[in-house]
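Visitor: Here it is: the structure, laid out below.
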Amino acid sequence: RADAPDCDVRLPLVQADDATGAASLLELDPARIYAVDYLLAEGNDQLMSRWGHSMLRLVVCAPGRVPGPACRMDLSYHRVLSFRAFVGDVQISSWRGLTGSYPSRLFVLPLNQVVNEYTQLELRGLSSVPLRLDRAEIATLLERVAQVHWSYDGRYLFVSNNCAVETGKLLQEGVPRLASPGLNRITPRGLLTRLERQGLADRSVLDDRAAATRNGYYFASAQTHYQQLFDVARQELPLDTDAVAAWLQRPASERARWIEQGGLRATSALLLLEQAARHREELRARDRLKHTLGRPGESIDAARDTLLALLRDTGQLVSPAALVDDGGYGLPMAAERAEAAAAAARISARGIPAWTALQQQMRARLPPAQQRELDTIDASLARLGDRMRRLAQAETATGAAMR
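The sequence shown begins at 89 in the working numbering and counts up one residue at a time.
Okay, here's the thing in structure tokens:
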């Protein structure tokens with residue numbers, strides 16, 4: 089029983105620590121959770137993303153802080169619960185997603201990582217809408233979260249068992265008064281609309297977009313920020329286009345022509361935009377490598393085997409019961425938590441360098457044109473960084489001379 093004197097009320101969750109594949113056992117005290125938000129990622133043009141993505145955000149207070157509105161600013165402690173298809177092979181297949189060939193698992197992720205993933209890499213905004221739950225309901229929801237995290241292995245279907253359906257079921261099972269039919273809507277926006285109609289979600293926090301951004305209820309796509317940076321560069325340089333999207337689509341060699349021509353502000357803007365261009369090129373490279381690894385051939389068998397072994401390790405991290413020798417059922421006891429924590433640490437220790445080595449190995453297998461593009465971007469970033477330092481030093485020296 090959770091109220092027994094010697095019972096550890098903390099919830100064990102295997103969390104991703106960062107984007108490198110590291111993971112650890114998080115033992116979360118429900119008393120530190122101030123609120124739960126419905127977190128909605130906006131859609132884009134990709135088949136699997138056009139309807140958006142449903143998640144839950146745990147507003148976790150920093151250690152020592154009394155739960156209250158100030159906890160919303162403790163962003164580094166917030167965690168996101170996200171049902172995702174675990175792809176245990178080297179290619180994502182739309183057909184396999186439609187037919188339920190991928191397992192659906194509940195990922196626990198740092199909010200900062202999720203915000204970066206959607207706003208910086210996928211250029212999708214995030215809305216964080218508070219749910220009207222009392223303390224007892226938050227506690228029962230969290231208990232169900234831990235149970236699902238440790239034992240659930242469903243089938244992910246883009247249409248009938250997607251992130252919105254899974255999130256709706258989690259809310260129904262974790263909060264008794266939400267068990268009415270119809271909450272598990274098919275689309276992420278449909279689920280938010282249903283929650284709002286039932287008086288459970290307060291979307292009014294998004295009415296003033298500037299205030300929502302300032303208070304952490306909305307995380308804007310970086311697209312607007314990139315355009316503002318580009319406008320700064322255009323004030324100094326004749327860049328021949330007024331759209332940042334067109335600029336980022338240009339070959340890196342064309343962008344590189346402007347590296348030595350701007351002042352400090354323009355150079356700073358071009359550096360940040362070149363970093364964005366590198367993120368985009370990395371995504372294209374990953375897509376190319378997935379298709380390459382998906383084709384049979386002796387020259388890539390070793391790389392494919394390495395990747396599959398890493399995916400098997402990752403599968404253990406997102407299906408935590410596999411971290412305990414006997415699997416077990418329900419939530420792990422103290423000894424099993426220690427065993428799971430040690431297993432997660434071992435997998436992370438061998439996984440991080442292995443992923444890095446595989447990425448370096450596979451970069452050499454990219455088409456020559458794509459390798460040249462990445463090399464040119466890397467060279468441009470180095471040149472822009474050097475120019476920024478020179479300009480900053482010159483500006484400092486000029487200021488000192490004038491005083």
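Here a beta-carbon is modelled for each residue, glycine too, at the ideal position from N, C-alpha and C.
(1) Where GLN481 and GLU231 are concerned, what is the direct C-alpha to C-alpha distance, given to the nearest angstrom?
(2) Going straight from the alpha carbon of TRP335 to that of ALA300, what length do you get?
(3) Can you give the beta carbon distance from VAL147 to TYR126, rounded, assuming they're within the 8 angstroms contact cut?
(4) Would LEU197 and ALA310 qualify as a contact pair, given that the criterion is a beta-carbon distance under 9 angstroms?
(5) Could you check the C-alpha separation between SER112 and ALA485 for me, to the nearest Å?
(6) Helix, strand or coil for PRO264? Go by DSSP, reduced to three states.
(7) For MET295, list the residues DSSP reports as bridge partners.
(8) What is the residue span of the alpha helix (DSSP H) that GLU342 lies within?
(9) In the DSSP output, what is TYR306 paired with across the bridge?
(10) Please list, in chain order, all residues of the same chain as GLU461 whose beta carbon is under 8 angstroms from its beta carbon, the five residues on each side excluded.
(11) Would you identify the three-state DSSP class for HIS313, choosing helix, strand or coil?
(12) For the beta strand (DSSP E) containing GLU130, name the first residue and the last one.
(13) Which complete beta strand (DSSP E) runs does the region 461-490 hold, if anything under 3 residues is left out?
(14) Within the continuous beta strand (DSSP E) that includes HIS141, where are the two ends?
(15) Hey, out of GLN235, ASP295, LEU280 and ALA234, whose CA is closest to ALA289's CA?
(16) Do the region 461-471 and the region 359-367 meet, that is, are 3 or more Cβ pairs less than 8 angstroms apart?
(17) When you compare the CB positions of THR228 and PHE307, do they come within less than 9 angstroms of one another, or not?
(18) Roughly how many angstroms separate the alpha carbons of PHE528 and GLN337, rounded to a whole number?
(19) Determine which residues share a DSSP beta bridge with PRO100 and list them.
Guide: Straight from the coordinates:
(1) One-based indexing of the sequence shown puts residue 481 at position 393. One-based indexing of the sequence shown puts residue 231 at position 143. Distance between the alpha carbons of GLN481 and GLU231 is about 55 angstroms.
(2) Here residue 335 corresponds to residue number 247 of the sequence shown, with the count starting at 1. Here residue 300 corresponds to residue number 212 of the sequence shown, with the count starting at 1. So the alpha carbons of these two residues sit roughly 30 angstroms apart.
(3) Translated into positions along the sequence shown, residue 147 becomes position 59. Translated into positions along the sequence shown, residue 126 becomes position 38. At roughly 12 angstroms, the Cβ-Cβ gap does not stay under 8 angstroms, so VAL147 and TYR126 are not in contact.
(4) For the purposes of this step, residue 197 is identified with residue 109 of the sequence shown, where counting begins at 1. For the purposes of this step, residue 310 is identified with residue 222 of the sequence shown, where counting begins at 1. Not a contact, by the Cβ cut-off of 9 angstroms.
(5) As a working mapping, residue 112 is identified with position 24 in the sequence shown. As a working mapping, residue 485 is identified with position 397 in the sequence shown. Rounded to the nearest angstrom, the two C-alpha atoms are 47 angstroms apart.
(6) Position 176 of the sequence shown, counting from 1, holds the residue named residue 264. Three-state result, PRO264: helix.
(7) Counting from one through the sequence shown, the residue named residue 295 turns up at place 207. One point to set straight first is that residue 295 is Asp, not Met, in the sequence displayed. Note: ASP295 sits in no beta bridge, so no partner.
(8) Working through the sequence shown from its first residue, we reach residue 342 at position 254. Segment 340-343, the alpha helix (DSSP H) holding GLU342.
(9) As a position in the sequence shown, residue 306 is number 218, starting the count at 1. Answer is SER215.
(10) Taking the first residue of the sequence shown as 1, we reach residue 461 at position 373. Contacts found: PRO339, ALA340 and GLU369.
(11) Taking the sequence shown and counting its residues from 1, one reaches residue 313 at position 225. In this structure, HIS313 counts as helix in the three-state DSSP scheme.
(12) Indexing the sequence shown from 1 puts residue 130 at position 42. No beta strand (DSSP E) contains GLU130, which DSSP labels as neither H nor E.
(13) none
(14) For the purposes of this step, residue 141 is taken as residue 53 along the sequence shown, with counting starting at 1. Element bounds for HIS141: 141-148.
(15) Position 201 of the sequence shown holds residue 289. Selected option, being the one with the closest Cα: LEU280.
(16) yes
(17) For the purposes of this step, residue 228 is taken as residue 140 along the sequence shown, with counting starting at 1. For the purposes of this step, residue 307 is taken as residue 219 along the sequence shown, with counting starting at 1. The answer is no: Cβ separation not under 9 angstroms.
(18) Residue 528 is absent from the model: the chain starts at 89 and stops at 491.
(19) As a first step, residue 100 must be located in the sequence shown, where it is residue number 12. As DSSP reads the structure, PRO100 sits in a beta bridge with GLU115.
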